[in-house]
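Asker: Let me give you the structure first, and then I'll get to my questions.
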Amino acid sequence: MGLSKEELERYSRQIVLKEMGIDGQRRLKEARVCIAGVGGLGSTSALQFAAMGVGYLRLVDHDIVELTNLHRQTLYETRFLGYPKVEVAAERLKAINPNIEIEPMPITINASSAEKVVDGMDLIVDGLDRLAPRYAINRACLKLKVPYVFAAALEIYGNVSTILPGKTACLECFMGRLSDEGLPTCETVGVFPPILSIVASIEVREAVSLILGREPSLANKFLFCDIGSMSFETFQVTRVSTCPACGESSKPLSLEEPRIAELCGGNSIMISPRIPTSLDLEETAKVLEGNFRIRVQGRLGLTFDYSEGVSVSLMKSGSMLIKGIGKKEEALRIYDSLMGLLPLKSKVH
Ligand SMILES: [Zn+2]
10 MGLSKEELER YSRQIVLKEM GIDGQRRLKE ARVCIAGVGG LGSTSALQFA AMGVGYLRLV
70 DHDIVELTNL HRQTLYETRF LGYPKVEVAA ERLKAINPNI EIEPMPITIN ASSAEKVVDG
130 MDLIVDGLDR LAPRYAINRA CLKLKVPYVF AAALEIYGNV STILPGKTAC LECFMGRLSD
190 EGLPTCETVG VFPPILSIVA SIEVREAVSL ILGREPSLAN KFLFCDIGSM SFETFQVTRV
250 STCPACGESS KPLSLEEPRI AELCGGNSIM ISPRIPTSLD LEETAKVLEG NFRIRVQGRL
310 GLTFDYSEGV SVSLMKSGSM LIKGIGKKEE ALRIYDSLMG LLPLKSKVH
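Here the sequence shown is numbered in the numbering used here, starting from 10 and rising by one per residue.
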């Protein structure tokens with residue numbers, strides 16, 4: 010794939026790098042990278058990949074932009090509160106670099122959607138904030154043999170490990186016994202923004218090594234960063250023969266991925282559709298307008314006030330984020346009643 014005169018000038022300060030050259034820049038242009046989650050980690054990695062000229066970026070996230078995101082999620086602006094993150098991110102990245110292609114995917118990552126997320130990608134970069142979707146991505150990456158740069162960051166701590174299917178330890182080899190239950194979240198312990206840029210930059214470094222055909226530094230290694238004491242330590246990890254994901258007698262993902270997930274932050278519940286759906290959002294808005302005040306109408310999702318203190322964001326994919334509600338049963342009732350309101354013609358399967 011050739012580089013235009015504009016691209017040669019745009020990337021000149023990295024083409025001159027010893028490890029890059031014009032050949033490396035071409036490889037970046039040909040690369041297809043998926044950023045799973047465009048929150049704190051994904052904001053930084055997406056901006057770097059886009060600016061550096063990675064040719065195809067798939068952005069996956071089911072969330073909307075909220076006020077509590079803005080201190081750390083540098084892709085977003087105050088004026089985009091309530092919009093689907095992938096929609097805003099795609100436009101921002103395209104404005105930074107019009108030479109690249111961006112695919113926004115406003116869906117929930119779980120056991121049933123993970124293969125669709127991974128399929129056709131050269132590598133997956135972690136921007137997730139829970140373990141359940143990471144396990145689903147890990148399984149899909151093992152099956153489709155796609156490298157996965159795992160990362161997590163919270164408070165002032167971060168982790169990174171690069172997983173090469175069939176070659177290195179996978180996520181379940183070194184994390185398999187942990188689950189989301191009882192783990193701290195960004196809401197309970199907070200996130201210091203610098204840890205996100207550091208960890209995401211390390212992910213980008215690993216990803217670029219893979220794209221350039223170099224040995225990644227964190228294959229079979231687990232990096233632990235603590236920017237309180239400014240220590241960066243790596244631990245060896247090894248494949249476990251009894252690993253339920255990549256071991257000799259692998260078992261299906263033991264966690265039954267629920268359709269309903271509680272998100273980090275303020276009584277938020279995400280419900281995925283029973284079957285994959287593509288909503289006609291204009292038709293949907295027409296129906297909802299009769300009953301509710303629509304606050305945001307984006308291309309890939311809309312947000313409206315459902316009742317006092319409860320807001321609903323409905324994505325084109327049929328995923329629904331209900332905020333201001335703590336009970337899953339009640340969220341499900343709202344989901345079913347709203348989906349029941351929509352005429353068949355707004356549901357394009
Ligand atoms: Zn494993």
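Yeah, the Cβ is synthetic: ideal placement off N, Cα and C, and Gly gets one too.
No experiment lies behind these values; they were computed from the predicted model shown.
(1) Verify whether the separation of the beta carbon atoms of E212 and S52 is less than 8 Å.
(2) I need the straight-line Cα distance from A145 to Y166, nearest angstrom please.
(3) Could you work out which residue in G333, F231, T251 is closest to E242 when comparing CA atoms only?
(4) Between C255 and ligand 1, is there a pair consisting of the residue's CB and a ligand heavy atom that are separated by less than 7 Å?
(5) Answer yes or no: do D189 and A40 have a C-beta to C-beta separation smaller than 8 Å?
(6) Output yes or no for whether 8 Å exceeds the beta carbon distance between I69 and G46.
(7) Distance check for D289 and H358, CA to CA, integer angstroms please.
(8) Which partner residues does L68 have in the DSSP bridge list?
(9) Among R22, M61, L192, which has the Cα closest to the Cα of A216?
(10) Can you look up F183 in the DSSP assignment and give me helix, strand or coil?
(11) Can you grab the Cα-Cα spacing for the pair V249 / C150, in whole Å?
(12) Work out the CA separation of P142 and Y92 for me, nearest whole Å.
(13) Consult DSSP for S326 and reduce its assignment to one of helix, strand or coil.
(14) To the nearest angstrom, how far is the alpha carbon of Y20 from that of I44?
(15) Secondary structure at I118, three-state DSSP: helix, strand or coil?
(16) Would you mind working out which of P174, I204, R67, R81 sits nearest G237, comparing C-alpha positions?
(17) Within the same chain, show all residues whose beta-carbon is closer than 8 Å to that of E96, passing over the 5 residues directly before and after it, in chain order.
Answerer: Straight from the coordinates:
(1) Within the sequence shown, residue 212 is the residue found at index 203, counting from 1. Within the sequence shown, residue 52 is the residue found at index 43, counting from 1. Cβ atoms of E212 and S52: not closer than 8 Å.
(2) Translated into the one-based positions of the sequence shown, residue 145 becomes position 136. Translated into the one-based positions of the sequence shown, residue 166 becomes position 157. In a straight line, the C-alpha of A145 is about 23 Å away from that of Y166.
(3) On the sequence shown, residue 242 is found 233 positions in, with the first residue counted as 1. It is F231.
(4) Position 246 of the sequence shown, counted from the start, is the residue given in the question as residue 255. Yes, ligand 1 has a heavy atom inside 7 Å of this Cβ.
(5) For the purposes of this step, residue 189 is taken as the residue at position 180 of the sequence shown. For the purposes of this step, residue 40 is taken as the residue at position 31 of the sequence shown. The answer is no: Cβ separation not under 8 Å.
(6) The residue labelled residue 69 in the question sits at position 60 within the sequence shown. The residue labelled residue 46 in the question sits at position 37 within the sequence shown. Per the sequence shown, residue 69 should be read as Val rather than Ile. It is a contact, given that the beta carbons lie within the stated cut-off.
(7) Along the sequence shown, read from residue 1 onward, the residue named residue 358 stands at position 349. Along the sequence shown, read from residue 1 onward, the residue named residue 289 stands at position 280. Legend: pLDDT at H358 = 47, less than 50; position of this residue unreliable, no value from coordinates given.
(8) Residue numbering aside, residue 68 sits at position 59 when the sequence shown is read from its first letter. I44, P113, per the DSSP bridge assignment.
(9) Residue mapping note: residue 216 aligns to position 207 of the sequence shown, counting from 1. When only C-alpha atoms are compared, the closest one is M61.
(10) Within the sequence shown, numbered from 1, the residue matching residue 183 stands at position 174. Reduced to three states, the DSSP call for F183 is helix.
(11) Here residue 249 corresponds to residue number 240 of the sequence shown, with the count starting at 1. Here residue 150 corresponds to residue number 141 of the sequence shown, with the count starting at 1. Going from the Cα of V249 to the Cα of C150 covers about 17 Å.
(12) The residue you call residue 92 lines up with position 83 of the sequence shown. The residue you call residue 142 lines up with position 133 of the sequence shown. In a straight line, the C-alpha of Y92 is about 22 Å away from that of P142.
(13) For the purposes of this step, residue 326 is taken as the residue at position 317 of the sequence shown. Of the three classes helix, strand and coil, the one that applies to S326 here is coil, per DSSP.
(14) One-based indexing of the sequence shown puts residue 20 at position 11. One-based indexing of the sequence shown puts residue 44 at position 35. Computed Cα separation, rounded: 22 Å.
(15) For the purposes of this step, residue 118 is identified with residue 109 of the sequence shown, where counting begins at 1. Three-state result, I118: coil.
(16) Within the sequence shown, residue 237 is the residue found at index 228, counting from 1. It is I204.
(17) Within the sequence shown, residue 96 is the residue found at index 87, counting from 1. The answer, listed in chain order, is P113, P115, G307, R308, L309, G310.
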